[in-house]
Amino acid sequence: MPTILTERTIEDATTVASRLHAAFSQVLDLPSIRDRRAATLATELGVGRMTCQRLMKLARTSSNPLPAEPRLLAELPGVNGLRQFLEAVVKSGSSRKQLTSAFAAVDAFEAFLRDISLSQSSFASALLLHDQASDPDRLRERRAALFDAASAVTGQSAEATISMMAIRPSQQEAFNIEQIAVRGYAGMRASGSAMPIRLPMNMAYSDYRNVTSHEAAREPHSLIESFCTRPLPTIDTRIIKAKNLAHIINPEHIPTGEPFDCFASQHTQWNIKDMGRLQAIWLYIDYPTCYGVFDLHVHRSIDSGNIASGDCHLWGTSLLAPPEDLWMTRFADQIRFRELGPGIDQTASTAYSRHQELTDHMFRQHGWEASEFTGYRCEMELPVWRSGLCIVLEER
Numbered sequence: 466m467p468t469i470l471t472e473r474t475i476e477d478a479t480t481v482a483s484r485l486h487a488a489f490s491q492v493l494d495l496p497s498i499r500d501r502r503a504a505t506l507a508t509e510l511g512v513g514r515m516t517c518q519r520l521m522k523l524a525r526t527s528s529n530p531l532p533a534e535p536r537l538l539a540e541l542p543g544v545n546g547l548r549q550f551l552e553a554v555v556k557s558g559s560s561r562k563q564l565t566s567a568f569a570a571v572d573a574f575e576a577f578l579r580d581i582s583l584s585q586s587s588f589a590s591a592l593l594l595h596d597q598a599s600d601p602d603r604l605r606e607r608r609a610a611l612f613d614a615a616s617a618v619t620g621q622s623a624e625a626t627i628s629m630m631a632i633r634p635s636q637q638e639a640f641n642i643e644q645i646a647v648r649g650y651a652g653m654r655a656s657g658s659a660m661p662i663r664l665p666m667n668m669a670y671s672d673y674r675n676v677t678s679h680e681a682a683r684e685p686h687s688l689i690e691s692f693c694t695r696p697l698p699t700i701d702t703r704i705i706k707a708k709n710l711a712h713i714i715n716p717e718h719i720p721t722g723e724p725f726d727c728f729a730s731q732h733t734q735w736n737i738k739d740m741g742r743l744q745a746i747w748l749y750i751d752y753p754t755c756y757g758v759f760d761l762h763v764h765r766s767i768d769s770g771n772i773a774s775g776d777c778h779l780w781g782t783s784l785l786a787p788p789e790d791l792w793m794t795r796f797a798d799q800i801r802f803r804e805l806g807p808g809i810d811q812t813a814s815t816a817y818s819r820h821q822e823l824t825d826h827m828f829r830q831h832g833w834e835a836s837e838f839t840g841y842r843c844e845m846e847l848p849v850w851r852s853g854l855c856i857v858l859e860e861r
């Protein structure tokens, strides 16, 4: 079973590597060793040539002011090889006192491996897995491979999946929360045999599949035609479990593989008695997408009582996963989360050139004053297909 290295282990390994680097750089700078080739040094000291070759890496990097990386512990000879080399240096005429720091550094290396219960080779394997799991370029490569595979399997993909939402206290007596939401895709592609495109709407304070008619007043979805490709995609009017839950977009007039944009909006009133201490609000990645962006604009009267944070999670069977359960579904490869500030001045996005224009349309269409809201954004390049970008509001 692969060993997962902790951050503490990496910190300890860095300390040990730095100590070895400093001590053996001094040893390799001794007059009897300096400027020797590995083959010559092996013959003169009577130690293995490979041991000398691996130690020569320290001579080449001895002038490097940067601290040694944990990887050095995998590249240097093992504990026995290092001790054998030092004993050979003593036999060649150097005093043991000159090598005190080097012997102590080897002892620290041995103690480190003993503490983590790994051999040097096992540590090297675990370190490789750690590097692969934490290197942003490698993580992106994995998500790119998943995007390609999922696009081929589903016959669908998008340049950008966009979701934005604004919530405020309701101005109607029968409700306490009012919400406008926009959902759509830029550069969506679909093969001729692919399923129609589904445009669901996020809900801020309730699972929109299970909410009753007494809790919400949903207006029908409407295409935002000025942000949709023409000819407009066809709307399938079938009802899926309940009215006004999602648009079904049939791209029958779009040539196979041609990119098209489609966006829809919805206005909803909510009557939620218990909003809870934590609220997780989601953008689900229904289709393979190059970029996912989820913006939540919170009215200042709500924002003042909450702290916002972002995450990326496995999409579970519940469309409103309790935030207290999120600890067991979190992806290690995380999204970017940031505060957009009041209004919409900071809402432009490289993922979709009309993002700020679309945000402005969302507020103007309903006559809401954008300056009264604070925005938050979750975004991720090549988000994991079937994951959820999540903004959590937690009461202060």
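For the sequence shown, my numbering assigns the number 466 to the initial residue and increments by one for each residue that follows. All C-beta atoms in this analysis are idealised placements derived from N, C-alpha and C, irrespective of residue type, glycine included.
Open item on the list: Only counting the same chain, and skipping five residues up and downstream in sequence, which positions put a Cβ closer than 8 Å to that of ALA797?
Closed with: ALA598
TODO: Kindly indicate the opening and closing residues of the alpha helix (DSSP H) around ASN545.
DONE: 544-556
Open item on the list: Could you pull the DSSP bridge partners for PRO807 from this structure?
Closed with: THR839
Open item on the list: Please classify GLU643 as buried or exposed, where buried requires at least 16 neighbouring CB atoms within 10 angstroms.
Closed with: buried
- [ ] Please look up how many angstroms separate the CB atoms of HIS762 and MET630, rounded, as I've assumed it's under 8 Å.
- [x] 7 Å
- [ ] Return the CA-CA distance between ASN715 and LEU538, expressed in angstroms with no decimal places.
- [x] Taking the CA atoms as reference points, ASN715 sits about 58 Å from LEU538.
- [ ] Using only alpha-carbon positions, find the residue among ALA576, ALA617, ARG633, LEU520 that is nearest to GLY722.
- [x] Looking at the Cα atoms, ALA617 is the closest of the given residues.
Task: Beta-ladder partner(s) of THR712, from DSSP - done: Note that residue 712 corresponds to His in the displayed sequence, not to Thr. Note: HIS712 sits in a beta bridge opposite LEU664.
Task: Within 8 Å, strictly: CB atoms of HIS732 and GLU837 - done: no
Task: Inter-residue Cα distance where the pair is ALA623 and PHE568 - done: If you take the alpha carbons of ALA623 and PHE568, they lie about 59 Å apart.
Task: HIS820 in three-state terms, based on DSSP - done: helix
Open item on the list: Suppose the cutoff is 6 Å on Cβ atoms and the five residues either side in sequence are ignored; what does the same chain contact list for CYS517 look like?
Closed with: ALA503, LEU506, ALA507
TODO: For LEU748, verify whether its CB is less than 7 Å away from any heavy atom of the ligand FMN.
DONE: The model on display carries no ligand, and the ligand FMN is accordingly not part of it.
Task: Boundaries (first-last residue) of the alpha helix (DSSP H) holding VAL618 - done: 601-619
Open item on the list: Which of the three DSSP states is assigned to PRO530 in this structure?
Closed with: The predicted position of PRO530 is uncertain, since its pLDDT is 46 and thus under 50; a value taken from the coordinates is nonetheless stated next. It is coil, neither helix nor strand.
- [ ] Taking PHE759 as part of the beta strand (DSSP E), name the residues at either end of that continuous run.
- [x] First-last of the beta strand (DSSP E) with PHE759: 756-764.
Open item on the list: Here's a check: name, in chain order, each residue in its chain whose Cβ is nearer than 7 Å to the Cβ of GLN637, leaving out the five neighbours to either side.
Closed with: GLN734
Task: Spatially closest choice to GLY692 from LYS556, GLU476, SER730, ARG499, by CA coordinates - done: The amino acid occupying residue 692 in the given sequence is Phe; Gly does not appear at that position. Nearest of LYS556, GLU476, SER730, ARG499 to PHE692, Cα basis: SER730.
TODO: Taking 8 Å as the cut-off, decide whether the C-beta atoms of ALA625 and ALA813 are in contact.
DONE: no
Task: Pairwise C-alpha distance: SER635 and SER766 - done: Taking the Cα positions, SER766 is about 11 Å away from SER635.
Open item on the list: Suppose the cutoff is 7 Å on Cβ atoms and the five residues either side in sequence are ignored; what does the same chain contact list for LEU523 look like?
Closed with: HIS486, PHE489, SER490, LEU493
TODO: To the nearest angstrom, report how far apart ARG801 and ILE856 are at their CA atoms.
DONE: Taking the Cα positions, ARG801 is about 11 Å away from ILE856.
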